[in-house]
Every structure is written in C-alpha cells, then in structure tokens.
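Here's the structure, in structure tokens; my notes come after.
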Amino acid sequence: MEAFLVPLRVQKGGNAEGEYEDAFHPPGNGKVEGAALRFAIADGASEGMLSGAWARILVELHCRFEWTCSSLEQFLERAYQDWRSFKSEYLRDRKERNHPVQWYEEPGLQAGAFSTLLGLTLTGSSNEQAGQWTAVAIGDSCLFQVRGSTLVEKFPVERSSDFNSRPVLIASNPARNDQAISAIRRVSGTFGSGDAFYLMTDALAQWSLKEDEEGKNPWALLRALDTEDAPAFDVWIDGLRSTKELRNDDVTVIRIDLLRA
Amino acid sequence: MSYTAEISRRNPSCFLFLIDQSGSMVDPFGGEESGRRKADQVADVINRLLQNLIIKCAKQEGVRDYYHIGVIGYGTQVGPAFAGALAGRELVPIGEVANNPARIEAREKKVDDGAGGLADQTVRFPIWFDPVATGGTPMCQALTRAQSIMQGWTSQHAHGFPPLVINISDGEPTDGDPSVPAQSVIQLATSDGNVLLFNIHISSQSGAPIIFPDSQETLPDDHARLLFSMSSQLPEFLRTFVQQEGINVSENTRGFAFQADLVTLIKFLDIGTRPSNLR
Chain A
23 MEAFLVPLRV QKGGNAEGEY EDAFHPPGNG KVEGAALRFA IADGASEGML SGAWARILVE
83 LHCRFEWTCS SLEQFLERAY QDWRSFKSEY LRDRKERNHP VQWYEEPGLQ AGAFSTLLGL
143 TLTGSSNEQA GQWTAVAIGD SCLFQVRGST LVEKFPVERS SDFNSRPVLI ASNPARNDQA
203 ISAIRRVSGT FGSGDAFYLM TDALAQWSLK EDEEGKNPWA LLRALDTEDA PAFDVWIDGL
263 RSTKELRNDD VTVIRIDLLR A
Chain B
620 MSYTAEISRR NPSCFLFLID QSGSMVDPFG GEESGRRKAD QVADVINRLL QNLIIKCAKQ
680 EGVRDYYHIG VIGYGTQVGP AFAGALAGRE LVPIGEVANN PARIEAREKK VDDGAGGLAD
740 QTVRFPIWFD PVATGGTPMC QALTRAQSIM QGWTSQHAHG FPPLVINISD GEPTDGDPSV
800 PAQSVIQLAT SDGNVLLFNI HISSQSGAPI IFPDSQETLP DDHARLLFSM SSQLPEFLRT
860 FVQQEGINVS ENTRGFAFQA DLVTLIKFLD IGTRPSNLR
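Going down the list, the protein sequences come from chains A and B.
Heads up: the first sequence begins at 23 in the working numbering, then just goes up one per residue.
Heads up: the second sequence begins at 620 in the working numbering, then just goes up one per residue.
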C-alpha cells in the first residue's frame, strides 16, 4: 500500500510561528508505504499551559503505539509518562535559564495541558491499494474520506453547526480525564484506490463541512493545495479569515492520497 | 451579531474597575458578626478578579495582552488607583499588571491531589490593592471619569469586543444620582456592541449572596436597587453562559451581584478553546 502525504499548517493570525499549538505526525511529506500506515493530528487548547507540547506527545505516541492489543487507558498511561518526562525537563530548563515559574503560570501548570486527538490507521496488503481503515477521536479534530468529489465519511463531527469552543479534550492530568475516556469515539471503514483522507483541526474542518453542506465541493480546492496551480496555503487561509469564512485559529490539514494502482 | 468580535493581542478588549474607597467602607461587611469591613471585601474582590483575569490570559512564559486594565478609585480623590510602577496610569496592558503587583503573599489552598482527595498546597497570591476607607463616595465623578476613559478606548478600538466596566461599591453615593453618568457609560459602543456596566454591591446587610438577578424584588435595600437599576442588561451571549451555570435568567437579568465577587464571570470570557473538562 502506498500513500502520498501532504501536511499543511499555519498558526493563528497575529500569533508568532512558535505559538502554533496544533500537532501532526508523521512530520514529513511525500510517499509513505507499508502494510499498516498511521497518521495523527491534534489541537492543543488555547486555554492551558504547554498545550502544543501535549498535542505533539499524543500524535507521536499514536503513531508508534501498539493499538491492536491495548486499551485507551494503556495509551493514556504511556502518554502521562511522556508528559512527566517532558514537564520535568521543561521546568529544569526554566531554572537553568534563570526564568523561574511566575505566580500566574502555577495554576495552569497544576491543571495541565489539554488537546484533541484524531488518529487514523490504514491497513492493507502490500500489493493492493485497497484495505480497511480505523480511526479514533477525542474532541473536534476531524477526518473526511473523499472519493472523487464525494464526501463518503465524516468523523467525529457530522455537521458544521456542531462545533463549539468547549469540547471535551484529553488532559495531561489523569484526574481530569474521566469525561474524555467516556467521550472517545471509534469508527472503521474500507478504502479503495484513489481515495483521499483529510485530517483537519476544527477551524478548517468546520469550513469544509459547511462548504460541502452547501454543495460547493471544497474537496477539489483542498486536493489542489500544495500544487503549482493553487495559492500558497497561508495566503489562502488569510483570505478566508479576512472574509470571516474561517475562524481565526491555528489551522492544520493532512491530506493522504491513496495512489491509484 | 453583537459581542462576537475576536479577543486577541491585535484585537484586545478592556476592563475598567471602579472601586469605592470612601469612609463608609469601614463599616462591617455582611453583618456585625463577620469581623470584616466592607473595605476588606472590596480589596479582596478586586484582587481576586485581577488574579483570575490574568491567569485566564497566561500561557507558559508570559501573559498575553488580550485586555487593557484600568482601576479608578473613588473616596477622598477620584483617579487611577494602581500603586508602584503602574501609579497614575489609566489603562495598562494586562501583562504589565501581572508583573507589577504591590506584593505577593503565600496562602494555603486545598487542591485536587489527583487521586480523588484534597491536598494542602502553598500558592502565591498577588496583592495589588489594600483596603482604603476615607472621604465621601463620589460615584458620579467616578462614572464620569469612566465615561471619558471608555470614550477614548472605544474610538481607538472601534471594532473591538466592548469593554466591561465593573463598579464595586456599597451603593451610597454622596455626589448625586449616579444613574445619569451610568447611562452615559452604557450608551458608548464599538461596532460589536455597547459598553457593559456591572455593579457589585458590598453591603453591611447580612444575607445570602445574589448574582445576576432579573428583578429588584429580591434585593434587600434601596442601595442595592439603585446599583441594580444602573447595571446593563445581560446581552444574549452572557445570558446563555449564566444559564449554563444553573442561574435562571430572563431578558431583564442584569449584571449585578450582591455580596458576591463575579469571579465566575471570567470563565465566560471567550479567548479560544476552553476544555469542557477544565472547570
């Protein structure tokens, strides 16, 4: 199975590049191949400390975790371990830089970080471009499966009007995860040669769903992104923000094209 | 639609606090038996509001300037009440307020221990204002000053999220009827909606706190009724949030609290994704 991967990202308007708090994995673009391919995207909450780092921990772990024989709780245990290592290194670094934690950072560091997670696994035989996919989601990062110009699957958000700014997210603090564990969603399906999957964080996912609901076929536009015929991603996003079609937020999309056999 | 403008560093909003520092604030708060003065309560309310607002805007390594903050004191004088490095300034980016408290105290607090219990933890509690109680209660002058500051802010931020003016007082003005200058404050607007004026009534009366009432009937005295009548009606977006907190609302619900601090208000401020599992 071969797929072509195109990740595109841009930070919230008015923010510095280093303030981007979405995450995606794998990090590169180009051809990927194998009997099982993993992809993940996450959106660190703007309210919360070190959310971008927590989002990165989740996407990286999703892509190397042995999901077939493990539960979400086991996944989270591993994620908490990675978070504790990251946080102690971060605090050590602050100390070494003589930049101690300020009073206003303490409650946020105590509460921990929050993020969505959307993970996709494609499985198929090495000499065929068809197979099965499974996806797992907590929060409002979305997956769309598109065949030609038709949206054949949307997950986990069904309608553009269903987005809000108060999703249940995965917390780095285990005490705050009861809701997230019960809110986890899973779905599976099949794919064929030529299908495309899009993983998106909420702002662009909401725009895409709305365009699709209005019969405007956003998929042709999204399929053309990162090609010579399309405007640069950040310029296109800026345009949508300035006309208020797109909420001002970090924007991330991974396009996964299943190459035709 | 009103009250939908983005709040960000390039589109900040504004909070202006008016704090009653008059001589009547030496009277007991919430009945003789409380052992606290109204001035102690005012200082506590303003310090807690500032603290929570700053924490809301904090990210690792700094506070983002989503708001401009002003504090006008009224008692012997009417004017900017910040001390130290911020003395004399009417509106200050919130990051500067965060980094310039008068002092930071250590306080014990019960926190979630991550295993279903509570643990004692020492937290740092910033103090910007100490209790003050001298002079009359020139509330009309304070509101007139607020109107002037807000006129400047709304003309400079014509499309910004409308400012919120919060007056914390015992409701006993000594310079006339404050309803008129209050009206001139809430008539100011950006393209996103009118300036909001909320009142927090700190009273010597005992009685349970009241928050976001929709009529005068449940209020204990004329001072409370005066402050209620001066307060803005809650716009629809705030009515929705208040209702989600389990408080009954109607179109007559106003931004008024009796013996309460309105810290819950800060949870409603929308500056981005807030996890629903973060309370």
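All residues carry an ideal CB built from backbone N, CA and C; glycine is no exception.
None of the values given here were measured: they were computed from a predicted structure.
Item, Value
"Residues that M71 of chain A contacts on chain B, provided the C-beta gap is smaller than 9 angstroms", "A677, K678 and Q679"
"When B:P839, B:T695 and B:V861 are compared against Q640 of chain B, the one with the closest alpha-carbon", "B:T695"
"Interface flag, P797 of chain B vs chain A, CB-CB below 8 angstroms", "no"
"Where S73 of chain A falls, given that 16 or more other Cβ within 10 Å makes a residue buried", "buried"
"Proximity test, Cβ basis, 8 angstroms: P29 of chain A and chain B", "no"
"R898 of chain B versus E250 of chain A: straight-line alpha-carbon distance, rounded", "Legend: pLDDT at R898 of chain B = 45, less than 50; position of this residue unreliable, value from coordinates given subsequently. R898 of chain B and E250 of chain A: Cα-Cα distance of roughly 47 angstroms."
"Minimum C-alpha distance to A876 of chain B - residue among B:F860, B:S823 and B:L838", "B:L838"
"Any C-beta of chain A under 8 angstroms from that of E625 of chain B", "yes"
"Test: P631 of chain B CB closer than 8 angstroms to a CB of chain A", "no"
"Proximal chain A residues relative to E674 of chain B, where beta-carbon distance stays under 8 angstroms", "The question names Glu, yet the displayed sequence has Ile at residue 674 of chain B. Near I674 of chain B (Cβ distances below 8 angstroms), the residues of chain A are Y126, P129 and G130."
"Per-residue DSSP class, three states only, for A67 of chain A", "coil"
"Positions along the stretch 258 to 275 of chain A whose CB lies within less than 8 angstroms of some CB in chain B", "N270 and D271"
"CB of P782 of chain B within 8 angstroms of CB of Q670 of chain B, strictly", "no"
"Interface partners of N36 of chain A on chain B, CB under 7 angstroms", "The question names Asn, but residue 36 of chain A is Gly in the sequence shown. Going along chain B in sequence order, the residues near G36 of chain A (Cβ under 7 angstroms) are S627, R628 and R629."
"For V81 of chain A, three-class secondary structure by DSSP", "helix"
"Buried or exposed (CB count within 10 angstroms, at least 16 for buried), K678 of chain B", "buried"
"For Q151 of chain A, the three-state DSSP class (helix, strand or coil)", "coil"
"First and last residue of the uninterrupted beta strand (DSSP E) at F26 of chain A", "E24 to V32"
"Proximity to R655 of chain B [Cα-Cα], best of B:S825, B:F780 and B:R873", "B:S825"
"Per DSSP, the bridge partner or partners of F61 of chain A", "A:L142"
"Residues from the stretch 711 to 731 of chain B in contact with chain A, defined by Cβ distance under 9 angstroms", "A717, N718, P720, I723, V730 and D731"
"Bridge-paired residues (DSSP) for G698 of chain B", "B:G692"
"Buried/exposed call for K176 of chain A, threshold 16 Cβ in 10 Å", "buried"
"Cutoff 7 angstroms; reference E709 of chain B; Cβ partners in own chain excluding five residues on either side", "G689, P699 and I768"
"Inter-residue CB distance, Q740 of chain B and I821 of chain B (contact presumed, cutoff 8 angstroms)", "Not confirmed; about 29 angstroms, so no contact."
"Cβ shell of R605 of chain B (< 6 angstroms), same chain only, five flanking positions each side left out", "With chain B covering 620 to 898 only, the question about residue 605 of chain B has no answer from this structure."
"Test: P745 of chain B CB closer than 8 angstroms to a CB of chain A", "yes"
"Cβ pair I276 of chain A, F61 of chain A closer than 8 angstroms", "yes"
"Beta bridge counterpart(s) of I819 of chain B as assigned by DSSP", "B:I787 and B:A876"
"Local conformation of N813 of chain B per DSSP, three classes", "strand"
"Strand pairing of H687 of chain B, partner residues [DSSP]", "B:C633 and B:P712"
"Bridge partners - H47 of chain A, DSSP secondary structure assignment", "A:A62"
"Segment contact, 8 angstroms Cβ cut-off, at least three pairs: the stretch 116 to 132 of chain A with the stretch 174 to 194 of chain A", "no"
"Separation of D162 of chain A from L635 of chain B, as counted between CA atoms", "35 angstroms"
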